[in-house]
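The C-terminal position of the sequence shown is numbered 414 in this note's numbering, with every residue numbered one higher than the one before it.
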Amino acid sequence: MPLTSTAVSNAKPRDKTKKLFDERGLYLEVSPAGGKWWRLKYRFDGKEKRLSLGVYPDVSLKEARDRRDATRKLVADGIDPSEHRKATKSARADRAANSLEVVTREWFAKYSSDWAPSHSSRMIRLFERDIFPWIGGRPVCEVTAPELLTVLRRIESRGALDTAHRALWSCGQVFRYAVATGRSERDPSGDLRGALPPVKGKHFAATTEPKQFAEILRALDGYEGMFVVRCALRLAPLVFVRPGELRKAEWKDIDLDAAEWRYVVTKTKTPHIVPLSRQAVEILRELHALTGKGRFVFPGARTNSRPMSDNAVLAAMRRMGVGKEEMSGHGFRAVARTILDEVLQIRPDYIEHQLAHAVRDPNGRAYNRTAHLPERRKMMQVWADYLDSLKARIEDRSNIIGQYDMHQLIN
């Protein structure tokens, strides 16, 4: 009689290992210590063999049967499942041993002893910061020119074209080393000659008035420093939270699938929700590849155990020529408050809720963190699209704003 989920769950250990049989060679092996293993008996080339299909309850009865059926199909196709498993495991090991990062570090160890210490440090830092987080785990023989170009475009997008060109040249060295050592058949970097544009000049704005505020936004997008700081600069205007809350943001509080950031406001100690626009989610997903394994969204430059310095964003803006009187980390809140109200004519209470200010209804009751959340989601997307229109120098924004049900957001 076939096993049932209840019988599997209730199976008790005995003094000796016991077997509970299902169908077509599948059985559950219960050890005296209480462990439960799924096993499969099969015959191949006239010999009886046994294969492990996983441990219960990690592998349910249904999953064990699915694995049994897949294994029996291999036998029917003339493939020994045990040998197939060994080959698959070996192939995975080979892929891991020949990843772009492994080959790069081997190449680096072989040649860096002849380099100046400053060049050596700069080279490995380039790979660790700009290459490994995105394609370092890929088998070196499978990295394509479009994949490599995507990584280079990410460097280029922050205005660091010299670095992008250096990354292309360095990756070419690694790929040619991989070809020479039999780990790859060709160097894909050769297909990208002429793909990177020349460096262009930049213009920085001087005020927070909407049109000229767009120049500041374009300047932030063109920041050439650390990728983490650049992401913070791009995200700050989109979410307009307090500077300390942005730099101390933790990944555990951010749900990218739900497009929400939930945390406790440091000033008032109250829960707060920041709906994330499509643009904000894109920035965070890109950053997650680099810092997502750690605690902080924006870790410090010297250690991942602390958030970035409270001066990191301000110092970056000052280096770009944005003066103290023109913009500060806290200034994004003031700009959002003014433009959302006076230009986009969003209801002030929606704005105040999103700024995490204390807002009360006519009866004196404080709104909770979810108050007007659907409207605030729309407002945050309208705001992000409006900023995009500013940066793109689109004078008529009616098409961008008009796609939303604005009567729900305005007075």
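We put the beta carbon where it would ideally sit given N, CA and C, even for glycine.
Reference residue i, options the options, closest by Cα
| i | options | result |
| --- | --- | --- |
| THR153 | PRO136, VAL300, PRO142 | PRO136 |
| LYS50 | GLU378, LYS214, SER85 | SER85 |
| HIS360 | LEU220, ARG233, ARG245, ASP80 | ARG245 |
| GLU218 | ARG237, PRO200, VAL232, SER12 | ARG237 |
| GLU285 | GLN384, MET323, SER187 | GLN384 |
| LEU29 | LYS22, LYS270, ARG42 | ARG42 |
| TYR45 | LEU54, GLY38, LYS381, GLY37 | LEU54 |
| ASP224 | ARG298, ALA14, VAL316, GLY139 | VAL316 |
| ARG2 | ASP80, THR74, PRO60 | As shown, the chain starts at 4 and ends at 414. That puts residue 2 outside it, with no answer to give. |
| ALA319 | ARG233, LEU347, VAL62, GLU345 | ARG233 |
| SER12 | GLU26, GLU32, ARG27 | GLU32 |
| SER115 | ASP133, ILE127, HIS375 | ILE127 |
| PRO213 | GLU345, ALA79, LYS296, ARG379 | GLU345 |
| THR9 | PRO60, GLY37, GLY38 | PRO60 |
| VAL105 | ARG125, GLU131, PRO120, GLU378 | GLU131 |
| THR271 | ASP25, TRP118, LEU358 | LEU358 |
Own chain partners of residue i with C-beta closer than 8 angstroms, once the 5 adjacent residues on each side are dropped
| i | result |
| --- | --- |
| GLU263 | ILE257, ILE276, VAL277, PRO278, LEU279 |
| PRO35 | PRO16, ARG17, ASP18, LYS19, THR20 |
| GLU248 | TYR266, VAL268, THR269 |
| LEU129 | THR166, ARG169, ALA170, SER173 |
| ASP69 | none |
| LEU199 | LEU155, GLU159, LEU164, ALA167, HIS168, LEU171 |
| SER102 | GLY139, GLY140, ARG141, PRO142, VAL143 |
| LEU259 | LEU279, VAL284, LEU287, ARG288, HIS291 |
| LEU195 | ALA148, LEU151, LEU152, LEU155, LEU171 |
| PRO240 | LEU220, LEU223, PHE335, VAL338, ALA339, LEU390 |
| ASN366 | Reliability of the predicted coordinates at ASN366 is poor, the pLDDT of 47 falling under 50, and no value is obtained from them. |
| GLY81 | none |
Cβ shell of residue i (< 7 angstroms), same chain only, five flanking positions each side left out
| i | result |
| --- | --- |
| ALA163 | GLU227 |
| VAL146 | LEU103, ILE138, PRO191 |
Nearest-angstrom beta carbon gap, residue j and residue i [assumed within contact, 8 angstroms]
| i | j | result |
| --- | --- | --- |
| ARG340 | ILE354 | 6 angstroms |
| SER192 | CYS174 | 5 angstroms |
| THR294 | VAL231 | 7 angstroms |
| VAL177 | TRP110 | 5 angstroms |
| ALA112 | GLN282 | About 41 angstroms separates the two Cβ atoms, so there is no contact after all. |
| LEU6 | LEU64 | 6 angstroms |
DSSP three-state assignment for residue i, whether helix, strand or coil
| i | result |
| --- | --- |
| PRO5 | coil |
| PHE24 | strand |
| GLY57 | strand |
| LEU199 | coil |
| LEU347 | coil |
| LYS39 | strand |
| TYR226 | coil |
| PRO302 | strand |
| ASP80 | coil |
| TRP110 | helix |
| PRO246 | helix |
| VAL146 | coil |
| LYS52 | strand |
| LYS44 | strand |
| PRO136 | helix |
Spatial neighbours of residue i in its chain, beta-carbon cut-off 6 angstroms, leaving aside the 5 residues before and after
| i | result |
| --- | --- |
| GLY57 | TRP41 |
| ARG71 | LEU29, LEU43 |
| LYS22 | TYR30, GLU32 |
Please confirm if the stretch 307-316 is in contact with the stretch 177-194, defined as three or more CB-CB distances below 8 angstroms between the two stretches.
-> no
Are there three or more Cβ pairs, one per stretch, closer than 8 angstroms when the stretch 380-398 is compared with the stretch 284-298?
-> no
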